[in-house]
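Following the working numbering, the numbering of the sequence shown begins with 31 at its first residue and continues without gaps. Where is the CB? At the ideal position from N, CA and C, for every residue including glycine. Please read all numbers here as calculations on a predicted model, not as lab measurements. In what follows, a structure is listed as structure tokens, so that the remarks can point back to it.
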Amino acid sequence: MIEFFNIYKQDYKSLNKILRAIKQTIKKNSYIKGQAVTDFENKFARYCNAKSAISCNSGSDALFLALKSLNLSKKSEVILPAMTYCATVFAVLRANLVPVLVDIKKNSSTIDPTQLEKKISKKTKAIILVHLYGDCCDIKNIKKIIGNKKIIIIEDAAQAHGSRDCSSCEKNLKKCCEKGKLAGSIGNYGCFSFYPGKNLGAYGDGGIVTCKSRVDRNKIAKLANLGGIKKFEHQYVGYNSRLDTIQANVLNVKLDNLDKNNHKRKIIANYYNKHIKNKFIKKLSYYPGCVFHQYVIISKKINQLASLLKKNKIQFGKHYPEPIHKIKAVSKLFKNQNFPNAENVAKYGISIPIDPNLKKSEIDFVCKTLNQLR
Numbered sequence: 031m032i033e034f035f036n037i038y039k040q041d042y043k044s045l046n047k048i049l050r051a052i053k054q055t056i057k058k059n060s061y062i063k064g065q066a067v068t069d070f071e072n073k074f075a076r077y078c079n080a081k082s083a084i085s086c087n088s089g090s091d092a093l094f095l096a097l098k099s100l101n102l103s104k105k106s107e108v109i110l111p112a113m114t115y116c117a118t119v120f121a122v123l124r125a126n127l128v129p130v131l132v133d134i135k136k137n138s139s140t141i142d143p144t145q146l147e148k149k150i151s152k153k154t155k156a157i158i159l160v161h162l163y164g165d166c167c168d169i170k171n172i173k174k175i176i177g178n179k180k181i182i183i184i185e186d187a188a189q190a191h192g193s194r195d196c197s198s199c200e201k202n203l204k205k206c207c208e209k210g211k212l213a214g215s216i217g218n219y220g221c222f223s224f225y226p227g228k229n230l231g232a233y234g235d236g237g238i239v240t241c242k243s244r245v246d247r248n249k250i251a252k253l254a255n256l257g258g259i260k261k262f263e264h265q266y267v268g269y270n271s272r273l274d275t276i277q278a279n280v281l282n283v284k285l286d287n288l289d290k291n292n293h294k295r296k297i298i299a300n301y302y303n304k305h306i307k308n309k310f311i312k313k314l315s316y317y318p319g320c321v322f323h324q325y326v327i328i329s330k331k332i333n334q335l336a337s338l339l340k341k342n343k344i345q346f347g348k349h350y351p352e353p354i355h356k357i358k359a360v361s362k363l364f365k366n367q368n369f370p371n372a373e374n375v376a377k378y379g380i381s382i383p384i385d386p387n388l389k390k391s392e393i394d395f396v397c398k399t400l401n402q403l404r
């Protein structure tokens with residue numbers, strides 16, 4: 031069996047260090063807002079080249095808290111792509127704001143700037159840029175479109191830990207020049223998830239918001255901690271959304287290995303790019319700074335492809351099986367709206383193994399199997 035992603039194998043060499051850190055937390059009896067949480071917030075902010083960061087209990091809450099901190103009126107519109115996880119649109123609705131969908135680019139996973147321009151109105155107060163599959167959006171053109179308009183940029187970087195914006199670099203770069211800004215330092219806010227399967231994953235839920243100012247950070251910190259920093263002081267109607275100390279222990283150790291594992295993912299993706307050669311399979315276009323949280327291929331022969339992978343014991347996924355406007359919970363909000371590129375990726379896209387610890391023989395076997403599709 032070629033596994034989709036094995037967290038134990040990825041973390042094996044770091045487990046003793048992680049367990050020692052957890053043991054110290056247990057000895058200190060410090061489970062909520064412990065020193066490890068502050069250490070991780072500072073460490074992650076430095077990693078992203080962001081001015082500050084505040085942790086919370088999930089990527090979903092990271093988006094919600096960023097939106098809630100803006101204190102926007104209920105009729106304010108928030109633009110987001112039609113192809114993303116449900117949590118993105120749910121965060122907008124939880125904040126009592128109006129979601130407006132935009133299609134993704136053809137043969138891509140990120141929002142289409144030309145379609146985005148058509149959806150901006152006087153009611154547009156924020157845009158959520160989803161760096162889907164670890165590929166940063168076309169920031170250069172998006173910022174040109176926004177211009178001097180007072181529109182907040184929120185990065186949904188739940189899948190983009192360590193990803194870089196290459197839209198301002200030279201065209202047709204085959205390799206990331208590492209000059210582009212890191213995800214989390216591009217917009218006004220960067221929202222990350224530490225769900226276990228992410229490029230940087232905890233051993234439970236977790237999230238963080240990166241900010242451009244201490245003022246923003248302090249407001250989000252209060253919202254995430256029942257409305258205040260100090261116990262029994264509640265300046266806002268807040269929420270219980272904290273990263274616990276044990277998960278911070280895990281993340282503090284694992285952050286040191288993030289770049290190494292991302293590099294391995296890129297090597298695997300490049301191998302797929304070169305060796306998957308089948309007229310029935312299309313490969314999405316990614317920037318060189320992509321960190322490949324997923325490697326998605328498109329095939330109209332989706333059922334045959336799924337059967338072929340199962341037969342050869344290659345695990346795969348669907349990310350995601352439905353675009354936002356077709357999710358039952360919210361479909362009434364987007365009645366009669368169509369987003370063909372998002373629908374195409376949802377219907378015909380399959381995520382193949384991109385585990386950083388895949389063996390060369392396993393990667394080669396995946397390619398050879400895919401090339402058998404007829």
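Return the residue from the list the options that minimises the CA-CA distance to residue i.
i           : options            : result
residue 93  : 188, 77, 135       : 188
residue 376 : 348, 73, 45        : 348
residue 343 : 392, 117, 138      : 392
residue 358 : 41, 45, 116        : 116
residue 300 : 34, 386, 176, 240  : 386
residue 367 : 374, 378, 360, 355 : 355
residue 298 : 63, 51, 397        : 397
residue 275 : 173, 64, 286, 363  : 64
residue 326 : 378, 309, 272      : 378
residue 270 : 287, 250, 308, 281 : 250
My output table needs one value for residue i: the three-state DSSP class, helix, strand or coil.
i           : result
residue 267 : coil
residue 395 : helix
residue 289 : helix
residue 156 : strand
residue 226 : coil
residue 147 : helix
residue 221 : strand
residue 240 : strand
residue 41  : helix
residue 261 : coil
residue 131 : strand
residue 107 : strand
residue 313 : strand
residue 417 : Summary: the structure shown does not reach residue 417, with the chain confined to residues 31 through 404, and so no result is reported for it.
residue 165 : coil
residue 255 : strand
residue 235 : coil
residue 215 : coil
residue 385 : coil
residue 175 : helix
Buried or exposed for residue i, going by 16 or more other Cβ atoms inside 10 Å?
i           : result
residue 167 : buried
residue 293 : exposed
residue 289 : exposed
residue 45  : exposed
residue 262 : exposed
residue 296 : buried
residue 207 : exposed
residue 76  : exposed
residue 49  : exposed
residue 353 : buried
residue 177 : exposed
residue 223 : buried
Please confirm whether residue i and residue j have their CB atoms less than 8 Å apart.
i           : j           : result
residue 159 : residue 125 : no
residue 170 : residue 197 : yes
residue 112 : residue 130 : no
residue 47  : residue 245 : no
residue 199 : residue 209 : yes
residue 84  : residue 254 : yes
residue 237 : residue 252 : no
residue 384 : residue 334 : no
residue 279 : residue 134 : no
residue 190 : residue 321 : yes
residue 90  : residue 70  : no
residue 312 : residue 87  : no
residue 144 : residue 161 : no
residue 185 : residue 153 : no
Are any of the Cβ atoms in chain C nearer than 8 Å to that of residue i?
i           : result
residue 206 : Structure shown: chain C not included; a single protein chain is present.
Jot down the residue ranges of each uninterrupted beta strand (DSSP E) in the stretch 177-213, minimum 3 residues, whole runs only, in chain order. 182-186
What runs of the alpha helix (DSSP H), each 4 residues or longer, lie entirely inside the stretch 315-349? 332-341
Hey, which unbroken runs of the alpha helix (DSSP H) at 4 residues or more fall wholly within the stretch 47-90? 65-78
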